[in-house]
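Here is the structure we will look at, set down as structure tokens.
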Amino acid sequence: METAKVGRTVKDVSPHEFVKAYSAHLKRSGKIELPHWTDIVKTGRFKELAPYDPDWYYIRAASMARKIYLRQGIGVGRFQRIYGGRKRNGSRPPHFCKSSGSIARHILQQLEKMNIIEAHEKGRNSRMVKICCIGAGYVGGPTMAVIALKCPAIEVVVVDISVARINAWNSDQLPIYEPGLDDVVRQCRGKNLFFSTDVEKHVFEADIIFVSVNTPTKTSGLGAGKAADLTYWESAARMIADVSKSDKIVVEKSTVPVKTAEAIEKILTHNSKGINYQILSNPEFLAEGTAIQDLFNPDRVLIGGRKTPEGQKAVQALKAVYTQWVPEDRVITTNLWSAELTKLAANAILAKRISSINSISALCEATGANITEVAYSVGKDSRIGPKFLNASVGFGGSCFQKDILNLVYICECYGFLEAASYWKTVIKINDYQKSRFVNRVVASMFNTLSGKKIAVLGFAFKKDTGDTRETPAIDVCKGLLADKASISIYDPQVTEDQIQRDLTMNKFDWDHPIHLQPMSPTTVKKVSVTWDAYEATKGAHGICILTEWDEFKGLDYQKIYDNMQKPAFLFDGRNVVDVEKLREIGFVVYSIGKPLDTWLGVMPAVV
Numbered sequence: 000m001e002t003a004k005v006g007r008t009v010k011d012v013s014p015h016e017f018v019k020a021y022s023a024h025l026k027r028s029g030k031i032e033l034p035h036w037t038d039i040v041k042t043g044r045f046k047e048l049a050p051y052d053p054d055w056y057y058i059r060a061a062s063m064a065r066k067i068y069l070r071q072g073i074g075v076g077r078f079q080r081i082y083g084g085r086k087r088n089g090s091r092p093p094h095f096c097k098s099s100g101s102i103a104r105h106i107l108q109q110l111e112k113m114n115i116i117e118a119h120e121k122g123r124n125s126r127m128v129k130i131c132c133i134g135a136g137y138v139g140g141p142t143m144a145v146i147a148l149k150c151p152a153i154e155v156v157v158v159d160i161s162v163a164r165i166n167a168w169n170s171d172q173l174p175i176y177e178p179g180l181d182d183v184v185r186q187c188r189g190k191n192l193f194f195s196t197d198v199e200k201h202v203f204e205a206d207i208i209f210v211s212v213n214t215p216t217k218t219s220g221l222g223a224g225k226a227a228d229l230t231y232w233e234s235a236a237r238m239i240a241d242v243s244k245s246d247k248i249v250v251e252k253s254t255v256p257v258k259t260a261e262a263i264e265k266i267l268t269h270n271s272k273g274i275n276y277q278i279l280s281n282p283e284f285l286a287e288g289t290a291i292q293d294l295f296n297p298d299r300v301l302i303g304g305r306k307t308p309e310g311q312k313a314v315q316a317l318k319a320v321y322t323q324w325v326p327e328d329r330v331i332t333t334n335l336w337s338a339e340l341t342k343l344a345a346n347a348i349l350a351k352r353i354s355s356i357n358s359i360s361a362l363c364e365a366t367g368a369n370i371t372e373v374a375y376s377v378g379k380d381s382r383i384g385p386k387f388l389n390a391s392v393g394f395g396g397s398c399f400q401k402d403i404l405n406l407v408y409i410c411e412c413y414g415f416l417e418a419a420s421y422w423k424t425v426i427k428i429n430d431y432q433k434s435r436f437v438n439r440v441v442a443s444m445f446n447t448l449s450g451k452k453i454a455v456l457g458f459a460f461k462k463d464t465g466d467t468r469e470t471p472a473i474d475v476c477k478g479l480l481a482d483k484a485s486i487s488i489y490d491p492q493v494t495e496d497q498i499q500r501d502l503t504m505n506k507f508d509w510d511h512p513i514h515l516q517p518m519s520p521t522t523v524k525k526v527s528v529t530w531d532a533y534e535a536t537k538g539a540h541g542i543c544i545l546t547e548w549d550e551f552k553g554l555d556y557q558k559i560y561d562n563m564q565k566p567a568f569l570f571d572g573r574n575v576v577d578v579e580k581l582r583e584i585g586f587v588v589y590s591i592g593k594p595l596d597t598w599l600g601v602m603p604a605v606v
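In numbering that gives the first Met the number 0, the protein residues as written are 0 to 606.
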């Protein structure tokens with residue numbers, strides 16, 4: 000279906016531009032046979048009005064032709080859902096939804112007669128494509144919500160075994176905080192987006208199954224502390240094989256080791272019962288805090304599949320979903336192994352940039368250089384760029400450390416020990432930065448925190464999210480507690496229950512399902528959690544800023560200073576505050592990578 004300009008297709012123009020031009024073309028052709036009821040709208044049993052636009056039938060026909068061209072097997076039932084409702088169209092039949100169905104059937108007949116669509120494309124007996132996502136977490140929930148919003152002809156169901164989590168997705172209080180997510184879910188939920196605990200039912204019905212389950216780091220056995228634990232992935236694959244009665248496209252959404260698809264393929268094919276499975280790798284590249292915008296306007300969408308005809312057909316099927324809103328040139332297709340490795344490599348390289356700039360921050364403090372100026376100057380080099388050059392107390396989140404450790408393990412398994420050692424240093428620098436920060440706090444405050452109150456502002460691993468997985472705040476708080484400090488914590492999106500869990504769990508436990516189940520945390524002595532920054536800092540000897548929440552920039556630091564013990568210390572682990580202004584107020588300020596306060600310069604060296 001080409002538009003007026005040679006070489007331009009329906010995909011190259013906006014929906015409004017296309018429908019306007021094509022509806023005019025249909026009207027000019029004179030081949031559309033208008034039904035007698037197109038000039039009225041039935042608003043009640045004995046009430047009729049004129050339509051808003053007398054050409055509404057041509058506009059509807061152009062819109063339907065466009066949707067059929069883009070989506071193929073879309074049927075009357077789906078057109079009812081798209082165009083149904085109390086709209087002033089020609090609505091002779093008494094029920095609005097039935098009316099939309101009648102209109103759709105009539106238009107399909109007209110388009111077929113004009114050879115604009117073929118009989119098999121009109122989709123009268125076709126059904127809506129169904130997608131099921133196993134896992135309702137930080138990746139599965141937002142990703143499926145955006146697919147549902149952008150692809151109204153697709154039914155999307157997110158399933159999870161956690162009743163509490165699914166109930167939260169079906170409520171006004173979503174289980175995760177992400178800017179813009181509430182609005183997306185509100186627009187789609189109950190229409191073509193659903194959340195359910197009936198996992199097997201929806202897997203059975205699905206055409207495409209996304210698997211977005213945890214792949215935690217193993218805590219015991221072979222590869223403990225480095226290798227990815229694929230227990231939950233294998234369990235999902237076996238369940239898919241058990242309940243499936245029709246061909247499926249199974250999509251890896253979780254970050255997995257290279258060659259995982261091969262293992263999953265073996266499980267499915269050995270239990271296939273004659274069913275054809277195609278495995279695709281479609282890793283996520285979301286940044287928490289900007290996930291919705293990342294999904295709306297991604298840098299790229301990566302799809303890896305087998306190079307067989309069946310594999311490429313599956314790749315194109317998934318590509319057709321994304322290209323309903325993502326420009327085709329941003330959708331990259333590769334083989335399975337390239338897609339799996341790309342995700343690990345991308346996270347490792349991003350984390351390496353953070354560790355690189357953090358290693359320079361220590362040198363800045365020792366020499367009087369300013370890390371902000373250094374990073375800016377380095378980032379102006381077009382070969383380097385400015386992103387991920389913000390010095391901080393360290394990186395966190397569910398991916399970076401886990402994926403690097405996984406990469407280290409894979410390198411070791413293949414005998415690439417030098418490569419494994421190289422990537423280990425990224426983790427070592429990150430751990431060093433956190434311990435260096437704690438040491439700076441202790442050394443600055445007369446080499447002891449015993450009997451002192453430290454206010455911690457921010458606990459999430461970054462701003463605009465409530466996610467605390469691998470947050471640097473955990474290790475920093477544990478370090479402060481080890482030196483006998485009392486801690487008062489404030490974070491606008493992290494609950495007291497979550498903080499207590501994080502401070503009592505063993506390393507890597509956060510990524511196991513038991514962490515999602517209700518439990519009574521063991522209260523950490525000398526830790527309190529408040530819901531107000533001023534309350535947290537009241538009577539404190541020092542403040543540690545560990546998350547770059549925007550609100551921390553606008554706090555009344557004069558008020559905070561007046562209510563603190565003196566000398567009042569502030570340790571900025573995210574370079575949030577204006578150092579000079581706070582020093583004018585009276586604070587002793589330490590900001591990572593910035594020239595040291597005179598006071599700090601005479602303290603013991605921190606290494």
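Don't be surprised by glycine CBs; every beta carbon is placed ideally from N, CA and C.
Residue environment analysis places H540 among the buried positions, since at least 16 neighbouring C-beta atoms fall within 10 angstroms of its C-beta. Assigned with DSSP and collapsed to three states, Y176 falls in coil, not helix or strand. Contiguous alpha helix (DSSP H) elements confined to the segment 317-370 occur at 335-366, taking only those with 4 or more residues. Listed in chain order, the non-local C-beta contacts of I146 below 6 Å within the same chain comprise V155, local neighbours out to five positions each way being set aside. Rounded to the nearest whole angstrom, the C-alpha separation of I359 and F17 is 54 Å.
Close CB contacts of K452 within its chain, under the 7 Å cut and outside five residues either way in sequence, are with S485, S487, G538, A539, H540 (chain order).
Within the model, the alpha-carbon separation for L180 versus P141 is close to 7 Å. Cβ contact annotation for L221 (same chain, cutoff 6 Å, sequence separation greater than five): none.
In the structure shown, the three-state DSSP call for S234 is helix. Just so you know, the alpha carbons of V392 and R573 end up roughly 7 Å apart. DSSP links Q277 through a beta bridge to I248.
Bridge pairing for V300: V330 [DSSP]. By the beta-carbon neighbour count (other beta carbons within 10 angstroms, threshold 16), D474 is buried.
Listed in chain order, the beta strand (DSSP E) elements of length 3 or more contained wholly in the segment 391-467 are 452-456. When DSSP states are grouped into helix, strand and coil, I486 belongs to the strand group. Note that the C-beta distance between A459 and V493 is below 8 Å. Cβ-Cβ distances below 6 Å link D571 to I544, S590 in the same chain, with the five nearest sequence neighbours on each side left out; the list follows chain order. Scanning E327, A316, T424, S355 for the CA closest to the CA of R299 turns up E327. For the options Q499, K593, N562, the alpha carbon positioned closest to that of G585 is the one of N562. Counted as a single uninterrupted DSSP element, the beta strand (DSSP E) harbouring D571 occupies residues 568-571. Taking C-alpha positions only, P50 is separated from H24 by approximately 20 Å.
In this structure, L343 sits near T254, with a CB-CB distance shorter than 8 Å. Contact annotation: the segment 429-444 does not touch the segment 370-389, with fewer than three C-beta pairs closer than 8 Å. Here the alpha carbons of G273 and T464 stand approximately 44 Å from one another. Inter-residue distance for V441 and K483 is about 10 Å (C-alpha atoms, whole angstroms).
Looking only at I428, A347, Q323, P308, the smallest Cα-Cα distance to N357 is reached by I428. Three or more beta-carbon pairs separated by less than 8 Å are not found between the segment 299-315 and the segment 229-237, which leaves the two stretches without contact. Taking C-beta atoms under 8 Å as the contact rule, L340 and V257 qualify, at a distance of about 5 Å. The C-beta of Y21 has 16 or more other C-beta atoms within 10 Å across all chains shown, which makes the residue buried.
Taking P566 as reference, the option from S62, T366, V587 with the minimal CA-CA separation is V587. Boundaries of the beta strand (DSSP E) around I153: 153-158. Excluding sequence positions up to five before and after M113, its CB lies within less than 6 Å of the CB of K30, all in the same chain and listed in chain order. In the structure shown, the three-state DSSP call for V526 is strand.
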